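Novice: Chains as they are written, first to last, in my numbering: chain X, 664 to 755; chain D, 441 to 677. Glycine included, C-beta positions come from ideal geometry on N, C-alpha and C. All values derive from a computational prediction rather than experimental measurement. Next up is a structure, given as structure tokens.
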């Protein structure tokens, strides 16, 4: 009986996973246009209709992977510090 | 194709969209909740110092969740969950306001996600309205005898939908000029609907999953955070 239950679980997992993977691959490869965020598609669009436009950010992060690298580095250092000093952080 | 996808943000009202008077108003509206949140956090930390690192971890979770664009095929747009449902359940709505404000501040400063002038408005909708809606829904469903999973699901859904309803109201009141408020508010709500209706349900599923996982792996944490009573522990005699 447990063997039969295990088989059903595997079948169920495949029934969920396979269509999800196929859908995800199809979705990204056939996407006809970039998928706007609702801030552009709704918030900024409606605001523009009423005479308000978004300004450039006060701190422009620019493009490229430098910011991603900075976040990765900060995350690694912060995570290491939090882990290393965890007992100090949590003791009374 | 995945790497070539354009980054897409959502919900956050961008820099400069709101007139100065409305931006200032939402900052002022946020301040009391933020002050109460800091006070509550200090009171909880006096009882148990380990709560502060946990709140820091929750802030990281909310930061990641609320800047993770998810494509919604029914609408052809991207949007993101808020994460304030789960933070409100775990540490209460007031501390969740602080968490949301910190997450949104970092996004505004370093990711051009939202804006510094609109931070008060964004933190009010996601922090105050989202957290309160999620927490009240969770408590109400638990009070009616709902399981952790069902209560978490309803909390996640209402935190998400509440956030976007508040964003719609904030945006409509800020940009309307002489136009009537209600039709513009409904227009923004209807524009959000195709994206946020399914995404809110997804947020409910994620919230229910997180709460259930915590109950299975670390039920003691849920007792410590007063989410469940000690008698509800799995091995309670």
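On the premise that residue 700/X lies in contact with residue 517/D, defined as a C-beta separation below 8 Å, what is that separation, rounded to the nearest angstrom?
Specialist: Confirmed, about 7 Å.
Novice: In whole angstroms, what separates the C-alpha of residue 694/X from that of residue 750/X?
Specialist: In this prediction, residue 694/X scores a pLDDT of 46, lower than 50, which makes its location untrustworthy; the coordinate-derived value is nonetheless stated afterwards. Going from the Cα of residue 694/X to the Cα of residue 750/X covers about 49 Å.
Novice: So if I threshold CB-CB distances at 9 Å, which residues from the region 506 to 527 of chain D count as touching chain X?
Specialist: 509, 511, 512, 513, 515, 516, 517, 518, 519 and 520
Novice: Expressed to the nearest angstrom, what Euclidean distance is found between the alpha-carbon atoms of residue 743/X and residue 586/D?
Specialist: 39 Å
Novice: Excluding the 5 residues flanking residue 671/X on each side, which residues of the same chain have their C-beta closer than 7 Å to its C-beta?
Specialist: none
Novice: In its own chain, which residues sit with a C-beta less than 6 Å from the C-beta of residue 542/D, not counting the 5 before and 5 after it?
Specialist: Taking C-beta separations shorter than 6 Å and ignoring five residues to either side along the sequence, the partners of residue 542/D in its chain run 499, following chain order.
Novice: Ignoring anything shorter than 3 residues, give me the beta strand (DSSP E) runs that lie fully in the region 461 to 520 of chain D, in order along the chain.
Specialist: Counting only runs of 3 or more, we get 510 to 512 and 517 to 519.
Novice: Within its chain, find whatever has a CB closer than 6 Å to the CB of residue 570/D; leave out the 5 residues flanking it on each side and keep chain order.
Specialist: Around residue 570/D: 522, 524, 599, 602 and 603.
Novice: Report yes or no: do the region 577 to 593 of chain D and the region 644 to 657 of chain D share at least 3 C-beta pairs separated by less than 8 Å?
Specialist: yes
Novice: Alpha helix (DSSP H) containing residue 689/D: first to last residue?
Specialist: In the structure as shown, chain D starts at 441 and stops at 677, and residue 689/D therefore has no counterpart that could be examined.
Novice: By alpha-carbon positions, which one of 705/X, 682/X and 680/X ends up nearest to residue 627/D?
Specialist: Its Cα nearest to that of residue 627/D, the residue 705/X stands out among 705/X, 682/X and 680/X.
Novice: Taking a contact to mean a Cβ-Cβ separation below 8 Å, would you say residue 477/D touches residue 545/D in this structure?
Specialist: no
Novice: Quick one: residues in its chain with C-beta nearer than 7 Å to the C-beta of residue 605/D, no 5 flanking neighbours on either side, listed in chain order?
Specialist: If the five residues before and after residue 605/D are omitted, its C-beta is found closer than 7 Å to the C-beta atoms of 629, all from its own chain and listed in chain order.
Novice: Rounded to the nearest angstrom, what separates residue 676/X and residue 465/D at their Cα positions?
Specialist: 50 Å
Novice: What three-state label does DSSP hand residue 695/X in the structure shown?
Specialist: At residue 695/X the pLDDT is 49, less than 50, meaning the model places this residue with poor confidence and gives no usable figure here.
Novice: Whether or not the region 506 to 517 of chain D and the region 664 to 677 of chain D are in contact is what I'm after, with contact meaning three or more pairs of Cβ atoms, one per stretch, closer than 8 Å; do they touch?
Specialist: The region 664 to 677 of chain D is not in contact with the region 506 to 517 of chain D.
Novice: Could you tell me which residues DSSP pairs with residue 700/X in its beta bridges?
Specialist: 518/D
Novice: The alpha helix (DSSP H) with residue 628/D in it runs from where to where?
Specialist: Element bounds for residue 628/D: 621 to 657.
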